[in-house]
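Order-wise, the sequence lines are chains A and C. Heads up: the first sequence begins at -4 in the numbering used here, then just goes up one per residue. Heads up: the second sequence begins at 2 in the numbering used here, then just goes up one per residue. Positions of the beta carbon are idealized from the N, C-alpha and C atoms, including for glycine. All values reported here derive from a predicted model rather than from experimental measurement. Inspection log for the structure reproduced underneath, given as structure tokens.
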Amino acid sequence: MERWLSGTSVVLIWGALNTILAAVLAGFTAAGRVGGAGPAGALAFAIYAASATLVFLIALAVWAGRRRLRGLKQPPRPATAVMLALAVAMAWIALAVGPWAAYMAAAPLLVALVLEVYPRTSP
Amino acid sequence: MTAPVKVVPFPSPAEEERDGLPQWLLTTDHKRIGILTIGTALFLFFLNGALALTMRAQLAQPNLHILSPQAYLQFMTQHGTGMIALTITPLAIGLGVYLVPLQVGAPRMAAPRAALLGYWLYVFGSLALIWGFVTPTGGSQDGWWGYTPLSSGAYSQGEGMSLWTAGTFLAAVGMLLMSATMLWTALRMRAPHVTLPRMPVFTWTEIVTCLMVLSGFPSLLLGLGIVAASRVDPARFTTNGWNIAYQNLFWFYGHPVVYVMFFPFVGCVAESLATFTGRRFFGYKGTVLSLLVFAAGSMSVWGHHLFASGQNVNDYFSLTSIFLTIPAGVEYFGFLGTLWGGRFRYTTSMLFALAFIPQFLIGGLTGILVANPAIDYHVNNSYFILGHFHYTLFAGSVFGFFAGFYLWFPKATGIMLNERLGKLHFLLLTIGANTAFIPMFFLGYDGMPRWMATYPAGAGFTTLSLISSIGAGIIGLGMCVFALNLYESARAKVPAGPNPWLAHTLEWSTSSPPPRFNFNLTYPVIRVHSYAPLLNLRERALAAQQERREA
Chain A
-4 MERWLSGTSV
6 VLIWGALNTI
16 LAAVLAGFTA
26 AGRVGGAGPA
36 GALAFAIYAA
46 SATLVFLIAL
56 AVWAGRRRLR
66 GLKQPPRPAT
76 AVMLALAVAM
86 AWIALAVGPW
96 AAYMAAAPLL
106 VALVLEVYPR
116 TSP
Chain C
2 MTAPVKVVPF
12 PSPAEEERDG
22 LPQWLLTTDH
32 KRIGILTIGT
42 ALFLFFLNGA
52 LALTMRAQLA
62 QPNLHILSPQ
72 AYLQFMTQHG
82 TGMIALTITP
92 LAIGLGVYLV
102 PLQVGAPRMA
112 APRAALLGYW
122 LYVFGSLALI
132 WGFVTPTGGS
142 QDGWWGYTPL
152 SSGAYSQGEG
162 MSLWTAGTFL
172 AAVGMLLMSA
182 TMLWTALRMR
192 APHVTLPRMP
202 VFTWTEIVTC
212 LMVLSGFPSL
222 LLGLGIVAAS
232 RVDPARFTTN
242 GWNIAYQNLF
252 WFYGHPVVYV
262 MFFPFVGCVA
272 ESLATFTGRR
282 FFGYKGTVLS
292 LLVFAAGSMS
302 VWGHHLFASG
312 QNVNDYFSLT
322 SIFLTIPAGV
332 EYFGFLGTLW
342 GGRFRYTTSM
352 LFALAFIPQF
362 LIGGLTGILV
372 ANPAIDYHVN
382 NSYFILGHFH
392 YTLFAGSVFG
402 FFAGFYLWFP
412 KATGIMLNER
422 LGKLHFLLLT
432 IGANTAFIPM
442 FFLGYDGMPR
452 WMATYPAGAG
462 FTTLSLISSI
472 GAGIIGLGMC
482 VFALNLYESA
492 RAKVPAGPNP
502 WLAHTLEWST
512 SSPPPRFNFN
522 LTYPVIRVHS
532 YAPLLNLRER
542 ALAAQQERRE
552 A
């Protein structure tokens, strides 16, 4: 079991299980079961099929990303993450308070960009 | 004694993180991100719990008007969204962010800045939801699902609903990012000898949780996009097709998230039972396989929330929902097999784990009942459903969380929690949960609908509602004892040592709290031969001792 069980295979197994279940749903929908016929049934299948496809994309990413751990240094500029989070939050809050919040989101985004482009030199 | 196989270079003092507030808030150490997430979620647990207590106070007697009907709906929406999106999901993910790298022998987490970004998105999302709740026009009144068209700008005016949409979106993206980094760590950053079948059950539960988050949460983001667009332009999504589309998108997230909120706690219970019976977890391979099947199956059952809509393949969703009893049964078999013949130590963690087993079973079995459309039509939108998911999420998940919290608190902080207060906490929570939630089944079966701000005196709900409210009060008291325990333990500072419980998994081989990069020259990564490496070492040492004695 240990030989063939890898990160990729775990995600693939999971994707395969979801594919089987989505295929069964397609069968029920195609058979015109009550409530399954028409756009509602097709939509339910489309959502599930899209999700199962996403799992295979994750498996592909896990398979492709076999890079080794590069040292133990702490990642630089963690403030970038906070600024980026603030920018995204402000953009969404514009939904409640008006578009000015989305314009203001440019400020933390710019700070995040500056932090990334001009890294602070540490001793 | 087995020699360590991989020595992680001891970090220089410059690499050790300092303890100031900015260092904590900008940390890229997975342990601190995990503690921040769990701490924030626990704070919100108290906040959202207080809302529930206020609602239960109103329902204790008929015709009470502590809250107006509008305020009641706002409290309920905030309680539901707050508990699901801001409390229990982050507790489940935060626990994994802290523990998974330690359990797989990784010195750090993959993409720690993405995890930090996730944490801050979660914080800003929580703030947006709380802000929406206190705006002059009031918070969202649309329930934790935010169904359209009620959530559109035409029917829910004011900032509350918009901030609910923004907050839920941000918190969901935050959890997605944290899950992605955790999954990558477990699958790609394990110590060389920690193969997948040697990972602890808890790590497996977090892997399947991450898979469900990555598969299910994008659907919510899409759905919230529809809500956001319908708030800007209410005329855009007016046909019923969009409403059904939103319901499908929402529940494609909304059902798997229930499993996201309990799988990690199943892992906590499994580790606690194994530790405090002194045995390996029974049926490891079967349990791991059942977790994968259970998680995949859980993606296929969302339609049972739409049974009453008439726009759904009810027989498929009923079949898949009932099918889940098979993998659930395998897990329960594992629990019971672990207990069989074990040497019990009744610590607080063990008591929470033991209580989880029957209580979660009640949540699960009532789930099978409502997976049957004929029964669901009768109890749909009634207190029966409330009883079912409070047994699943509180009497199940929260108990599982506390089993894990009492187990790993000494590891994370280096100090012990007070066991006497812990047992009082357990007792109050057990009495409170069962007193609060059992009456809900009977109330629901007798026709008491959810969303009811108050009820008339002759409705026949008074006695059971009062009992339920008393139970909620006892839960509140239990949580106060928990807060007192945290304070007392922080004051007493009883040192924990690396492995105070004689636990079996890799994280217990390092110091408490672990160093910056989890393992170092003093506490190296030991060679792992199974999912219980420390138990292996102890057994080998015991065997050698016996051999020497015989010789």
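What is the rounded straight-line gap between the Cα of A/Val77 and the Cα of C/Ala116? 11 Å
Would C/Ala497 pass as a contact of C/Pro359 if the rule is Cβ separation under 8 Å? no
Would you kindly work out how many angstroms separate the C-alpha atoms of C/Arg244 and A/Leu20, rounded to a whole number? The displayed chain sequence assigns Asn, not Arg, to residue 244 of chain C. Approximately 21 Å, taken between the alpha carbons.
Could you tell me whether the Cβ atoms of C/Leu250 and C/Leu274 are closer together than 8 Å? no
Any beta carbon of chain C sitting closer than 8 Å to that of A/Tyr43? yes
Tell me which residues share the same chain as C/Leu467 and place their Cβ nearer than 6 Å to its Cβ, disregarding the 5 neighbours each side in the sequence. Ala61
Could you give the residue range of the alpha helix (DSSP H) that holds C/Met480? 463 to 493
Since I believe C/Arg232 is in contact with C/Ser163 (beta carbons under 8 Å), could you give me their beta-carbon distance rounded to a whole number of angstroms? 6 Å
Which residue or residues does DSSP assign as beta-bridge partners of C/Gly161? C/Gly140
Helix, strand or coil: which one does DSSP assign to C/Ile358? helix
In three-state terms, what does DSSP make of C/Pro70? helix
Are the beta-carbon atoms of C/Pro265 and C/Leu37 separated by less than 8 Å? no
Strand pairing of C/Pro450, partner residues [DSSP]: C/Ser383
With respect to the alpha helix (DSSP H) encompassing C/Trp132, which residues constitute its N-terminal and C-terminal limits? 113 to 134
Name, in chain order, the residues that DSSP records as bridge partners for C/Ile416. C/Pro496
Counting only runs of 4+ residues fully inside the stretch 43 to 110 of chain C, write out the alpha helix (DSSP H) ranges in chain order. 70 to 82, 90 to 104
What residues from the stretch 362 to 382 of chain C come within 8 Å of chain A, judged by C-beta to C-beta, listed N to C? none
With DSSP run on the structure shown, which of helix, strand or coil describes C/Ser319? helix
C/Thr464 burial status per 10 Å Cβ neighbour count (16 or more: buried): exposed
At what residues does the alpha helix (DSSP H) containing C/Arg539 begin and finish? 534 to 551
Using the three-state DSSP reduction, which class does C/Thr196 fall into: helix, strand or coil? coil
Residue from C/Leu340, C/Thr414, C/Val314, C/Ile416 with nearest C-alpha to C/Ala372: C/Val314
Listed by chain order, chain A residues near C/Ala42 by CB distance under 9 Å: Ordered by position in chain A, no residue passes the 9 Å Cβ test against C/Ala42, which lies about 17 Å from the chain.
Verify the CB distance criterion: does A/Glu111 have a CB-CB separation below 8 Å to chain C? no
Using beta carbons (cut-off 8 Å, strictly below), is A/Leu55 in contact with chain C? no
Locate the alpha helix (DSSP H) running through A/Trp87, then write down its first and last residues. 74 to 92
Counting contacts by CB-CB distance shorter than 8 Å, is A/Val106 in contact with chain C? no
7 Å Cβ cut-off: residues of chain A touching C/Met351: Under the 7 Å cutoff, chain A gives no residues; its nearest Cβ is about 30 Å from C/Met351.
Could you spell out where the alpha helix (DSSP H) holding A/Ala56 opens and where it closes? 34 to 59
Cβ neighbour criterion (16 or more within 10 Å) applied to C/His66: exposed
Contact defined as beta carbons within less than 8 Å: I believe A/Trp87 pairs with C/Ala167. What is the distance between those atoms, to the nearest angstrom? 4 Å
Strictly below 7 Å CB to CB, what residues from chain A border C/Trp121? Ala76, Val77, Ala80
Under 8 Å Cβ to Cβ from C/Pro457, same chain only, skipping five residues before and after it: list those, please. Pro63, Asn64
Please classify A/Tyr43: is it buried, with 16 or more other beta-carbons within 10 angstroms of its beta-carbon, or exposed? buried
Straight-line gap, A/Trp95 to C/Glu160 (C-alpha atoms, nearest Å): 15 Å
C/Ala15 to C/Arg517, Cα distance in whole Å? Interpretation of C/Ala15 is limited by its pLDDT of 48, a score under 50 that renders its predicted location unreliable; no figure is taken from the coordinates.
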